[in-house]
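Here the structure comes first, spelled out in structure tokens, and everything after it is commentary.
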Amino acid sequence: MMVIGSGIIRHGHHIGKALLLLILALTAAVAAASTIVGEAKNAIGTLLVTRSDGIEERLRGKGALALYEGDVLSTGPDSRALIQFRDGVRVALDYRTRFMILSRWEKDKASTRILRLDKGALWVKTRSGSGALEVETPVASAAVSDAEFIIEVLDGGNSILSVIKGVVPFGTAFGTCPIRTDTVSYAVQGKKCTKPETMDVRPAAAWKASLDDSPSDSAAGSKPDAAPLPPFWPPPDASTHQTIPRELVVGNAPATSTLASVAARMERAIGSAGYSSPGYYSVPGGFAMLTQLERINPDATPLPAEQRWKIKVSPVSLTSFNLAAYLKALLGKDAGLFRVIAFVFTAEPIVASGVKPLMDEAKLWVGHGGTALPAKFSALPYSSDMICTALVYEFEIPSHGAAAHQLKPSDHNGQQHLKAARILQALGG
């Protein structure tokens, strides 16, 4: 009986200890959820903050909306936001972005702030002395200390890390890579992160500047300034290019042409050729207009509409049966040729940056650009020394499962690409 009694006592001791640990953990969780960890400082459009209890709060314009652990922050297709944590870490949310604020506690270590990003893009800037920070995506994580970077979730949860300053360890389940200043790395499901590629990544963060300077639109009657266009300068290396004759650019009103009128004329031309709304970027003294990534045939003509805008072609979308094409489509991301066209309007000579663009980056260009010219651009004259140059970016996925690469030079010159896309014809050429 004494042995049994001793066992009961020991068992009760363990239960009591477990309950105590559970109570302490719950107390810590409640305390964390009620402790302010930072503030939302500015929103262009609307920042939605969903609390851990399901209550929703919104910030429009400048303010000081308190943030707590467990909050989910999200922006819509026309909204961006800037937040700051208590330790000085600053984070900006791009369009269509969502993440959760969490933390991880380890014995004998300071807690680590976790930003669990499931879609969109974040700009993050830490500083010396700020607490430990990690940004998690569905396939990777970036551990940060005294660095500035952009991390973005791509299709399928795959991720891209662009480091503006510092060194950021970028890890997957298969290893960690140190990504340094002005380099870019990708993380793909089931693989180690890619070898860093050198690239001028600062233009990718241009969208964040509008959050620093935009006035509050929360005050009655106030109206925020239009966000500046992100830069497309110097442009990445093109596969080929073509100068478009001035008479095709200005049409029947050469003496009164403005940036707005030539932009509208080009939009009508590419619209009649099947393209949707372009993305607008700034260049010295003018602007650039970029089309979305499209799938093309070997002769540079676009594929039929049901396949043109897809990187992965469904077998049922094939208009005529071809065994090879059917098998490629059935297997997934099939081989093929892809194209983006950038129309650059400027009087400045175009000297490429020397950086070869990645297709995963190029497919995001149209979405990251502005949807229209800001008013301050629109009224400017399209002066006699301005030139419209089409920069053609052509990519190839050579076989199923292979990585995409840029074709440079292209098998076709710039004029052939513009004719195959039926853009020159739409302009009257």
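Going by our numbering, the sequence shown opens with residue 178, and the numbers climb by one from there.
Ideal Cβ placement from N, Cα and C applies to all residues, glycine included.
Rounded to whole angstroms, the Cβ separation of glutamine 419 and glycine 591 is 3 Å, and the two are in contact under 8 Å. In the three-state reduction of the DSSP assignment, histidine 545 falls in the helix class. Taking a cut-off of 8 Å for Cβ pairs, the stretch 429 to 449 and the stretch 574 to 587 do not touch, as fewer than three such pairs fall below it. Straight-line spacing of the CA atoms in proline 405 and proline 412 works out to 18 Å. The stretch 240 to 249 makes contact with the stretch 219 to 232, as at least three CB pairs between them are under 8 Å. Rounded to whole angstroms, alanine 524 and arginine 275 show a C-alpha spacing of 40 Å. For serine 362, the enclosing beta strand (DSSP E) covers residues 360 to 364. Counting only the Cα atoms, isoleucine 341 lies some 8 Å from alanine 324.
Under the 10 Å beta carbon count, tryptophan 282 is surrounded by fewer than 16 other beta carbons and is classified as exposed. The residues Ile337, Asp537, in chain order, have a CB closer than 7 Å to that of leucine 331 in the same chain once the five nearest residues on each side in sequence are set aside. Scanning its chain for C-beta atoms nearer than 6 Å, with the 5 sequence neighbours on each side dropped, one finds around isoleucine 356 the residues Leu338, Val340, Val345, Phe347, Ser362, Pro373, in chain order. As the crow flies, the alpha-carbon of alanine 383 is around 5 Å from that of proline 407.
Following the DSSP letters along the chain, one finds glutamine 593 inside the alpha helix (DSSP H) bounded by residues 591 to 597. Boundaries of the alpha helix (DSSP H) around serine 438: 436 to 449. Judged by DSSP in its simplified three-state form, valine 532 adopts coil rather than helix or strand. Looking at Ser318, Arg293, Ile518, the one whose alpha-carbon comes closest to that of cysteine 354 is Ser318. Of the other Cβ atoms in all chains shown, fewer than 16 fall within 10 Å of the Cβ of valine 528; this residue is therefore exposed. Residue environment: alanine 598 is assigned as buried (16 or more neighbouring CB atoms within 10 Å of its CB, all protein chains considered). The beta carbon of tyrosine 452 sits closer than 6 Å to the beta carbons of Thr468 from its chain, once the five residues preceding and following it are set aside; these are given in chain order. The three-state reading of DSSP puts glycine 333 in helix, counting H, G and I together. Of all alpha-carbon atoms in Asp588, Ile260, Asn335, Thr478, the one lying nearest the alpha-carbon of threonine 417 is that of Asp588. By the Cβ rule, the stretch 471 to 479 does not count as touching the stretch 538 to 546, because fewer than three pairs are nearer than 8 Å. Contact between phenylalanine 262 and valine 321 does not hold, since the beta-carbon distance rounds to 12 Å and is not under 8 Å. Nearest neighbour of threonine 548 by Cα position, chosen from Ile564, Thr223, Ser256, Gly428, turns out to be Ser256. Take serine 530, set aside five residues on each side of it, and the residues of its chain with a beta-carbon closer than 8 Å to its own are Asp377, Pro411, Pro412, Pro413, Asp414, in chain order. At a Cβ-Cβ threshold of 9 Å, tyrosine 559 and alanine 519 do not count as neighbours. Within the model, the alpha-carbon separation for valine 226 versus lysine 596 is close to 48 Å.
Following the DSSP letters along the chain, one finds leucine 242 inside the beta strand (DSSP E) bounded by residues 233 to 245.
Taken through DSSP and simplified to helix, strand or coil, phenylalanine 409 comes out as coil. Residue state for serine 459 is assigned as strand, using DSSP reduced to three classes. Nearest in C-alpha terms to lysine 302, of all of Ser555, Lys385, Lys553, Cys370, is Lys385. Assignment of glutamine 484 by DSSP, reduced to helix, strand and coil, places it in the helix class. Of the candidates Val316, Ile421, Ser454, Pro461, Val316 places its Cα closest to the Cα of lysine 296. Looking from the CA of lysine 369, the closest CA among Ala556, Gly333, Gly352, Pro380 belongs to Gly352.
According to DSSP, residue pairing for threonine 420 in a beta bridge involves Thr566.
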